Structures are given as C-alpha cells and as structure tokens.
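Enquirer: In mature numbering (1 follows the signal peptide of the UniProt record, and there is no 0), the protein residues as written are -26 to -1, 1 to 933.
Structure follows, in structure tokens:
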C-alpha cells in the first residue's frame, strides 16, 4: 500500500471515531456559552456519575437527557430530565438560555425540557456533583437555584429527600418507569404522606397498595442493611422529609420499580454487579386493603385476616370487606377501650394528631367525641409525646410478632364487650395469682440463704463502697457549690463577696449569687432555684459580664451596685428614690427587692426588669404608673445570657395581644385579649398547675399579663433562644422540667404564614385557604405552596353594590393592629356600622375586659387568621353581592333537593303500606337466613382462637 493510501485510511478512521464514540468534556461543569450534544457528556469530579444523552434499545430515535453511574455495566440510569418528552430527532443539545436556565433543544431549536428556575442568574454554571446531583448556581455563589435532587424520577440516591419542604414548596416523591425499557412515568409512586402522622405510601394511580410504618420512634432503617443511616426531618412549619446515607457502600440506590416494589441495591465491586440488599412489595399482610376496616392481619396464620376485639367479619368470602361491631351501642354509659398490643398502627391519614398529651388525656379526648374510634400515644423524637385519635376508619393493622416491635392501640368498644373481657380476665387472675405467689415465696427463701452465706465475705467491701461513694459525691458537691449566707438580705454597710457568698430566700427556694454558664469565660450576677439543678431565672448584668468571679454586691448611695475586682460598676439598681434605712432582700417568689427596712413599698425590684423568664407574680406589659413596659428578652444561646434576638411582650396597638418578635419582625401572635382569655389561644387557660391573669384598663394605659402557680408547683415561663415560648413545671419524681405548652405550637402559629385574607388550618402540617370571596394573589406561588403572598378579592364591587358578609366560625381573630372597638353594640348594629363604611373589611363581637360586649371592626388588613379548637370566635368578612348570590343559589339547591327527597320518601312509604295491605296475611315476607353471618361468626371465632396467643388484649374501662 502506498504512503498516500495509508494516509487516506488513517484520515478515514479518525473521521469515523467522533461519529461512533462519546467524548466527555474535561470538566464536571458546564459554563455559560458552553453546551453538550448527544455525543458528549459531563463527568463528576471523582468520576462516579455521568450526565449525557441515551436511547433505549427498542426506540433508538428517542433521546433522553439523563444521569447514570459511570463505568457500571449495564448502564444504570438514576435520573431522567425529559422522561415524558423525549427528543424525536437525530440530535439534541443542552444549552443555557438568557436568564441562566438550562434548556434541552432538538436540531430545530424546539425546547423539550428546562430547569425552569424562577431566579435569574448572571454567571450561570451547571455542575454534576459526586453525589449524582446536577446543580445550577451562580459561579460566585455556592447556593443552588435549582438541583436535580428536587425532581427525582424512580431512584433515591444518598442525600436525596422524599417529602415536603416549605422553602421550595415541593413535595418530592418517586415515580416508577412504565416498564424496564420505558423511562416514561409509570403507574406506581412512592411518597411520604404528611396528612396525619408521616407515613410512606405506594400508590398505583389513586389506589393505595402499601403503607409503611407511621413515622415516629421505630428504627425501621435496620431492615435496610448494615451501614444504612437515615435522617428523618420532622418540623411541621418547614420540612417533613426522609433521606439516607450508606457508609458501608460507595454505590447504593433505592428504586421504585415498574412492578410496584421498593428495592435497595448495593454495588458489588468484586462481582461487578448490583446486589439486591432489600426488597419490599405489597404482598401478604403488606397489602393495604387485605383485611378491610377493623380487620387485623396476622402473618403467622394461614387464614391471615381476623377482626379486632369486639368486631366480627362481614363476609368470609371477601375478607377485604372488613369487620363490623358485635355491639354497636357505643357513646353510651359504660363504653370504653380495649388495648391491643404489638400491632402496626392503622392508617392515620386525615386523623387528629395532638402534641403533648399523655395516655390519660388522650383517652379523655377520644372518649368525649362519639366519632372517635380509637386512640394511641407515641413519643416522637425531638418533639415529645403525641396523641393520635382515629375517626375515619381503622384499616391496615397487622400483628407484629417480633420482640420489641409493634405498638399499643386502644379501640373503642361497647360496655357489653368490656364486661366480657372482665370475665376472661377474672379467670386468668384466679389461675395466675397462686402460681406467682408460690414463685415469689420460693425466691425470697432462696435469696435469704444466699445473703446469709455471703454476708461476712461482703461486709468489708460494702463498707468500703459506701465510703468511696460518700467521698466521691462530697467532692462533686464541693466543686459546684458556693458558700451561702444564712440570711436573705443585706443592709447598708454590708456586702456580698460574689466568689464565696450568696443570698438565700427565707424558705430556701431561690438563691442570688455569681454564676458561670457552661463553656463561657464570663460570670454573671443571677437568681436561680435552690433545690433544682441550676436553672437561672434572672440575670442582672447580662450585657455587661464579669471576667471572673471576683465581685462585690454593695450599697452605693441609694442603690445596690455590682463592682468588679477593680471597683468598676458593672450594674446598678438605678432607683431614683431616697431611702433612709436601706435593705436588699431576696423573697421566696424569686424577687430581689430594694426598700426601706420593714416596708412593703419597693423602691426597686427585679420583677420589673425580667430577662428571659416570667415567674409567678411577675408581670409583662405596660404600666403607666411606673412608666415601664416589661417584656422578656431571650438569651443569645443556651450558654450565653446576653440579650438575644427575640422578645415577648404585651402590645397595645388595638386590643392587648401577646406577641413574639425577632427584632422588629413578628413571628408569633397570641390573639387579642377579650375579657376572659386570649382569642384563639387554647394553651393560655387555667389548669390545676397554673392560672393566667390579665389586668387591663385602657383609660389608664395599663395592660399587664401575669399568672399564679397552683398546688405548690414550681412553674416558669421561658422565652428560648430560638424564639419558642414555653410554660414549664418541675416534676419532682423525675427531676426534670416538663413543658405544658410551647408557642408557636404548630405551623399555623407562624405569623402571616397564609398572608392577607388567608386562613390557616392545622392537621399535621399548616394548610392555607383563602377566605370565601377571595382567591390566591399569586396562583403559581400558591400551587408551589408559597402562600404567604395571601389572597385578593374575586369581585371588588364591595361598596354600595348589594354587598354583605360571610361568617367564618371558630377562628383566632385577625391581628388587632388598626381596628376599632365600639362598646355595647348588638351584632345587628355592628353589622350595620361596618356596612355603612366602605373601608370596613370585617367585624366581630367580643366580650370586653371590663364587662359587656363590643363591636370590633377591621379596616387595614385581615392577617394571621387560623381555625382553632378552643377559644375561637366568629368573624364576618365583607364580600361582594356576587359571592352572596353564589351562596344563596347553593342554599336553594340544597333546600330543593331536601324537599324532593322527602316527598319521594313519603310516596314510597305510602305505596309500601298499600302494597302490604293487599297481600294475604299468610304470605309473610321472611328475611334471608343469616347462614352467611353464622359462618362468618364461626370463621371469626376460629380466627380469634388462632391469634389469641399472639395478640395481647387488655381491658381499659371508659366512663
């Protein structure tokens, strides 16, 4: 062959290589002005993932932009951009458009997919990370404006999340492929439902196929394999999500496959193949509808469906029909609950979940509502005790035989079922008591002989152990205690040495001294409980700390002052009053007072200058006599008592309201005070532990909130560093502070979460709706769950055009800033007053603090409205005539249907009676023989007998 022909051959093959090979660009990043075509790809920095185009063997003309594992054969796709809009041409390109978004184009320039970010980017870059996440960001920022992890397909990678996020408005879920060779969206989805307790669901279209465990304290991650760690984020106001990581395997994935199964795969480097580490499908007791309502599935029994105690099967031929009550007489005297142990809780979708309720309170909540079918309590990590009441149905319950698994549910039954359970329990007690008594007696005899034999040998050791324990605890006490003065007060000429001395109140409840927060180099003069592990309730020099404990509390002039070791004044009581015989005393209320000796008239008191804690007898709010507006200010963090970002106080721009602010921004509003309590604040009501008080006089510009402790409980109200306001009481037995309530208590407590003219409803998450006659101001944002923009009127003709009012019942009144109150007005006069003023947006009637009723009218905006269970009120919102016509039409239709139904029923009854009279008396119509019921009862008895040794049933009396 000639040199010329060799050269031509080489050129020919070099020309073919680009046509039949894929080449990766050198970087993991695509910058503005760059693009990739269907022969190119981007590879992550560590060469774990690759982004490019691929086609399926059965349809090579369809091109998809996707991410897959690099170097894994066969190709394993984990994300597809245009799964439902493939490019139908021979070429495709991924480019940037002018606003910085990524766009997928065909050869004619038609767009088939876009990142569709609403944020404009000046210097956009797209980067494929080693996590498999494709991110879009500005080159000068690390914040992502878009990421593929927010839009999963059928695969969940480590670090990806399933669930709801309020910041993005996204509810992420997996969607299966149509088949193993078709990436388009299939029938099955895998999601985290948040309407009730969070639960995993597999759906086929709209039908539920499988439901996972309700999300609380179960370590269900153990079943996924070693090294598998998951993260459950449960914050009803911001995020409810699930994610995972796998420290034992570099390549792992969870897949929702096209058959509806959940699979977890791990890559085996030695065998160079995927290993199925875990699989889950809807077979057997995992089938959501297998046993129906009130059914109980037992995987250990061949005929797996039985009924809950007190119920019987509807049909033995179709077990999914479920069960019915043997005795339907519930909500009558004597009904109560049967405890069923070691079960997977039923589906809680749409049912009531209340935080901070124990078993007894949860039972009471269920018992007082005839619609409540069952209840249960659970400890949710980082949140506390939760009470669940089921109202709709009890479906998808299964017995869990594994040790340490399963939960207790208390099912409502009639009194007759409780009596039956009592009889069974009595037999068990008669048999068990003698056996247990004999065993205990034998154990005591054996233990007595054993102790006698070892007594001498152990005597010296026991003595030494007691001595060592005494020395150890004595050392600990010496390290953390300070010498206390035997007095509760000091007089002029006396002082306290901060490093060695303290004041202690007469009954030894509170201590005043110098303390050093854990991890801090500073020291502070403060007050704390004497017999409770150090709980600081007041700090004098919170923003002017001591550098060490060398300090003196002395009198200087008329005031008490805190001096450091050099004599500098770091804090003073700063009282303007002249006193002859001065003394400072620490009272048993925790109040440090400055006064003339023997007088009850205080020249100064620490209660007038609270820090982050409100004790019984302290007051928040405005007092014109003292000129003080007392409020709580949070600590900067749990170990830094300096003034933090949050304040909590009484605001009087309108009727008094308790408000939490972060700087100038309102984060929580407690609802206006209306005489007896705060509107919409069910937690701020009297209990056996404490009773709130409010002293309001508008003429004297006085609005003071306080409370008293009851039954000798140690109680405190605290504004935390994160802006949470908690009522706590000390539990002596457990020696811990127990939260009676926390505010904000749910997502709807977040101020303005639904914007103007929005109403918030809380189930397990905050749900926003517009008031009647209004619609979302920004519909696109509303669809994306960004609803703080609020609502606007559908029809603005609300002045002199036949407008009127629509009632919204049981709500927390809107923010009272900018409203007007007229006293002693009837609801009719109040409506007329609002109707005659075109600027009036709404009105309501409330009980006034000093007696009587007032007409409240709103003019500026209707903000921060939520539906409430306790202390709700009626709000009448102004709407256009067209909205009233719509309501009237619906009412007319409802009345017409009701009348027609009644007449039809009446005609049927008349015809039935006439027909009966014409029949021969001997020809009596007999109901069907209940053989099926008898068989059902027999089958049910067998099912109960087979499961009686597995399911623990305990009687719990009701009324």
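The beta carbon of each residue, even a glycine, is placed where N, CA and C say it ideally should be.
Since this is a predicted model, take the numbers as computed values, not measurements.
Which partner residues does residue 360 have in the DSSP bridge list?
Expert: Counting from 1 along the chain shown, the entry for residue 360 is found at position 386. In DSSP, residue 360 forms a bridge with 329 and 352.
Enquirer: Taking Cβ to Cβ, would you say residue 787 is nearer than 8 Å to residue 618?
Expert: Position 813 of the chain shown, counted from the start, is the residue given in the question as residue 787. Position 644 of the chain shown, counted from the start, is the residue given in the question as residue 618. Result no, Cβ atoms of residue 787 and residue 618 do not sit closer than 8 Å.
Enquirer: Quick one: measure Cβ to Cβ for residue 57 and residue 158, integer angstroms, because I've assumed they're closer than 8 Å.
Expert: Counting from one through the chain shown, the residue named residue 57 turns up at place 83. Counting from one through the chain shown, the residue named residue 158 turns up at place 184. Right, the Cβ-Cβ distance comes to about 6 Å (below 8 Å), so this counts as a contact.
Enquirer: When the distance is taken between beta carbons, is residue 89 closer than 8 Å to residue 103?
Expert: Sequence index remark: in the chain shown, residue 103 carries index 129 (1-based). Sequence index remark: in the chain shown, residue 89 carries index 115 (1-based). Contact: no.
Enquirer: Starting from the C-beta of residue 212, find all residues in its chain whose C-beta is less than 6 Å away, skip the five residues before and the five after it, and write them out in chain order.
Expert: Counting from 1 along the chain shown, the entry for residue 212 is found at position 238. Closer than 6 Å at the Cβ level, and outside the excluded window around residue 212, lie 140.
Enquirer: Looking only at its own chain, which residues have a Cβ that is under 6 Å from the Cβ of residue 912, when we skip the five neighbours before and after it?
Expert: For the purposes of this step, residue 912 is identified with residue 938 of the chain shown, where counting begins at 1. Because residue 912 sits at a pLDDT of 36, beneath the cut-off of 50, its placement in the model cannot be relied upon, and the following sentence gives the value as read from the coordinates. Excluding residues within five positions, none has a Cβ falling inside 6 Å.
Enquirer: Excluding sequence positions up to five away, which residues of its chain have a Cβ less than 6 Å from the Cβ of residue 163?
Expert: Locating residue 163 in the chain shown gives position 189, counting from the first residue. Cβ neighbours of residue 163 beyond the five flanking positions: 147, 149 and 177.
Enquirer: Does the pairing of the segment 490 to 498 with the segment 557 to 574 give three or more beta-carbon distances under 8 Å?
Expert: Short answer: they don't touch.
Enquirer: Please report the straight-line C-alpha distance between residue 725 and residue 96, rounded to a whole angstrom.
Expert: By one-based count along the chain shown, residue 725 stands at place 751. By one-based count along the chain shown, residue 96 stands at place 122. Whole-angstrom Cα-Cα distance: 34 Å.
Enquirer: Is it the case that the Cβ atoms of residue 599 and residue 680 are separated by a distance below 8 Å?
Expert: Numbered from its first residue, the chain shown carries residue 599 at position 625. Numbered from its first residue, the chain shown carries residue 680 at position 706. Against a cut-off of 8 Å, the Cβ pair of residue 680 and residue 599 comes out as no contact.
Enquirer: Using a Cβ-Cβ cutoff of less than 8 Å, which residues in the same chain neighbour residue 805 once the five nearest sequence positions on both sides are dropped?
Expert: Taking the chain shown and counting its residues from 1, the one referred to as residue 805 is at position 831. Answer for residue 805: 779, 817 and 850, listed in chain order.
Enquirer: Please report the residue range of the alpha helix (DSSP H) in which residue 801 lies.
Expert: What you label residue 801 is simply residue 827 of the chain shown in a count that begins at 1. Residue 801 -> alpha helix (DSSP H) spans 801 to 809.
Enquirer: Give every residue of the same chain whose Cβ lies closer than 7 Å to the Cβ of residue 410, excluding the five residues on either side of it in the sequence, and list them in chain order.
Expert: Looking up residue 410 in the chain shown gives position 436. In this prediction, residue 410 scores a pLDDT of 42, lower than 50, which makes its location untrustworthy; no coordinate-derived value is stated.
Enquirer: Quick check on the burial criterion: 16 or more other C-beta atoms within 10 angstroms. Buried or exposed for residue 497?
Expert: Looking up residue 497 in the chain shown gives position 523. By the neighbour-count rule (16 or more Cβ atoms within 10 Å), residue 497 is buried.
Enquirer: Thinking C-beta only, is residue 553 closer than 8 Å to residue 577?
Expert: The residue given as residue 577 occupies position 603 in the chain shown. The residue given as residue 553 occupies position 579 in the chain shown. Yes, they are a contact pair.
Enquirer: Once DSSP output is grouped into helix, strand and coil, what is the label at residue 175?
Expert: Taking the first residue of the chain shown as 1, we reach residue 175 at position 201. Residue state, collapsed to three classes: strand.
Enquirer: Could you give the DSSP three-state label for residue -6: helix, strand or coil?
Expert: Position 21 of the chain shown, counted from the start, is the residue given in the question as residue -6. Residue confidence for residue -6 is low, a pLDDT of 44 falling below 50, so the modelled location carries little weight; the figure read from the coordinates is stated next. Three-state result, residue -6: coil.
Enquirer: For the alpha helix (DSSP H) containing residue 557, name the first residue and the last one.
Expert: Your numbering for residue 557 matches position 583 in the chain shown. Per DSSP, residue 557 belongs to no alpha helix (DSSP H); it is in the beta strand (DSSP E), 556 to 560.
Enquirer: Per DSSP, what are the beta-bridge partners of residue 471 in this structure?
Expert: Here residue 471 refers to the residue found at position 497 of the chain shown. Bridge partners of residue 471: 526.
Enquirer: Alpha carbons only, please: which of 480, 590 and 534 is nearest the one belonging to residue 511?
Expert: As a working note, residue 511 is residue 537 in the chain shown. Per the Cα distances, 590.
Enquirer: Which same chain residues end up closer than 6 Å to residue 783 when comparing Cβ atoms and leaving out the 5 residues on each side of it in sequence?
Expert: What you label residue 783 is simply residue 809 of the chain shown in a count that begins at 1. Only 848 meet the Cβ criterion.
Enquirer: Do residue 731 and residue 764 come within 8 Å of each other at the CB atom, strictly closer than that value?
Expert: The residue given as residue 764 occupies position 790 in the chain shown. The residue given as residue 731 occupies position 757 in the chain shown. Taking 8 Å as the Cβ cut-off, residue 764 and residue 731 qualify as a contacting pair.
Enquirer: Let me see if you follow: with CB-CB separation under 8 Å, is residue 845 close to chain D or not?
Expert: Absent from the structure is chain D; it holds one protein chain and no more.
Enquirer: What separation, rounded to the nearest whole angstrom, lies between the Cα atoms of residue 811 and residue 797?
Expert: Mapped onto the chain shown, residue 811 falls at position 837. Mapped onto the chain shown, residue 797 falls at position 823. Approximately 18 Å between the Cα atoms of the pair.
Enquirer: Which residue's Cα is closest to the Cα of residue 10: 509, 80, 165 and 60?
Expert: As a working mapping, residue 10 is identified with position 36 in the chain shown. Checked all of 509, 80, 165 and 60; the closest Cα to residue 10 is 80.
Enquirer: Look up residue 123 in the DSSP assignment and say whether it is helix, strand or coil.
Expert: Residue numbering aside, residue 123 sits at position 149 when the chain shown is read from its first letter. The answer is helix: DSSP assigns residue 123 an H, G or I state.
Enquirer: Name the residue from 308, 821, 809 and 121 whose alpha carbon lies nearest to the alpha carbon of residue 629.
Expert: Locating residue 629 in the chain shown gives position 655, where the first residue counts as 1. The candidate whose alpha carbon is nearest that of residue 629 is 821.
Enquirer: Taking its Cβ as the centre, do 16 or more other Cβ atoms sit within 10 Å of residue 574, making it buried, or is it exposed?
Expert: On the chain shown, residue 574 is found 600 positions in, with the first residue counted as 1. Residue 574 comes out exposed.
Enquirer: Per DSSP, residue 165 is paired with what?
Expert: For this step, residue 165 is matched to residue 191 along the chain shown. Answer by DSSP bridge pairing, in chain order: 175.
Enquirer: Alpha carbons only, please: which of 542, 244, 124 and 463 is nearest the one belonging to residue 959?
Expert: The structure shown has nothing for residue 959, since the chain only spans -26 to 933.
Enquirer: CA-CA distance, residue 833 and residue 743?
Expert: Residue 833 sits at position 859 when you count from the first residue of the chain shown. Residue 743 sits at position 769 when you count from the first residue of the chain shown. Between residue 833 and residue 743, the C-alpha separation is close to 21 Å.
Enquirer: To the nearest angstrom, report how far apart residue 634 and residue 328 are at their CA atoms.
Expert: As a first step, residue 634 is located in the chain shown; it is residue number 660 there, counting from the start. As a first step, residue 328 is located in the chain shown; it is residue number 354 there, counting from the start. Cα to Cα, residue 634 sits roughly 23 Å from residue 328.
Enquirer: DSSP on residue 263, reduced to helix/strand/coil?
Expert: By 1-based counting over the chain shown, the position of residue 263 is 289. In the structure shown, residue 263 sits in coil (DSSP, three-state: anything other than H, G, I, E or B).
Enquirer: Leaving out the 5 sequence neighbours to the left and right, which residues in its chain are closer than 8 Å to residue 663 when beta-carbon positions are compared?
Expert: Translated into the one-based positions of the chain shown, residue 663 becomes position 689. Correct list, in chain order: 683, 684, 685, 687, 689, 703 and 714.
Enquirer: Buried or exposed: residue 513, going by 16 or more other Cβ atoms within 10 Å of its Cβ?
Expert: For the purposes of this step, residue 513 is taken as residue 539 along the chain shown, with counting starting at 1. The residue is buried, with at least 16 neighbouring Cβ atoms inside 10 Å.
Enquirer: Using 8 Å for Cβ pairs, my map puts residue 37 next to residue 23. What's the rounded Cβ distance?
Expert: Residue numbering aside, residue 37 sits at position 63 when the chain shown is read from its first letter. Residue numbering aside, residue 23 sits at position 49 when the chain shown is read from its first letter. That pair is no contact at about 19 Å.
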